[in-house]
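First comes the structure, then the notes that go with it.
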Amino acid sequence: MKKWIWAVLIFLVAGVVGGYAVAHYHEEQVQYERNITNGKTAIDQTNYTAAKNYFSRAITIRKDDQQAANLLAQTKMYMRASSEFKSNEFTSARGDYQTVLTYKKASATLKQRSETKVKLIDKIKQNVKNSIKN
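According to full-length UniProt numbering, the sequence shown is numbered sequentially starting from 1.
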């Protein structure tokens with residue numbers, strides 16, 4: 001009789017531990033997806049600092065996730081390029097905007113905004129050249 005009690009007790013403990021592990025894993029997956037979605041929404045709303053924070057949180061959940069790593073790196077590079085652009089460092093900004101375009105599994109919105117900025121920088125450089133000639 002004691003063997004049955006031990007068997008039932010072991011079965012119950014294993015079930016509780018297994019159930020907790022499955023629930024915990026599922027919750028992490030939901031948090032990861034929520035962070036990625038919120039980060040992309042923040043990019044759409046031009047809130048790059050928030051996007052960077054969301055992607056960082058996603059990486060803490062999935063350490064080796066390429067999508068979250070690319071989104072974070074792309075967002076950081078876009079922020080750097082924007083800072084350089086505002087400081088009239090057009091050559092550096094153009095290079096960084098072009099780097100933003102190279103990321104795979106990343107934000108199409110940031111790629112589109114970077115293409116627009118590269119074209120704008122090219123126009124600015126052309127206008128400067130034309131004004132020097134005149």
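Every residue gets a Cβ at the ideal spot worked out from N, C-alpha and C, and that includes glycine.
In or out: A108 buried (at least 16 other Cβ within 10 Å) or exposed? exposed
Residue nearest to K40 in terms of C-alpha spacing, selected from I121, Q74, E84 and D96: Q74
key: Status (buried if at least 16 other CB within 10 Å, exposed otherwise) for D96   = buried
Which residues in the same chain as V100 place their Cβ atom closer than 7 Å to its Cβ, once the five residues preceding and following it in sequence are excluded?
Q74, M77, Y78, A81, L110, K111 and S114
Would Y32 and D64 qualify as a contact pair, given that the criterion is a beta-carbon distance under 9 Å? no
- Query: Is the Cβ-Cβ distance between A58 and A68 less than 9 Å?
  - Reply: yes
Length of the line joining the Cα atoms of D122 and Y103:
21 Å
Give the range of the alpha helix (DSSP H) segment to which R62 is assigned.
Where R62 is concerned, there is no enclosing alpha helix (DSSP H), given that its DSSP letter is neither H nor E.
My guess is that V118 and R94 are in contact by the Cβ rule of under 8 Å, so how many angstroms apart are they, rounded?
6 Å
query: When you compare only the Cα positions, how much space is there between F55 and T116?
result: 24 Å
Might you give, ordered along the chain, the residues of its own chain that have their beta carbon closer than 7 Å to the beta carbon of S92, omitting 5 neighbours on each side? E84
Applying the 10 Å Cβ sphere with the 16-neighbour rule, what's the burial state of N88? exposed
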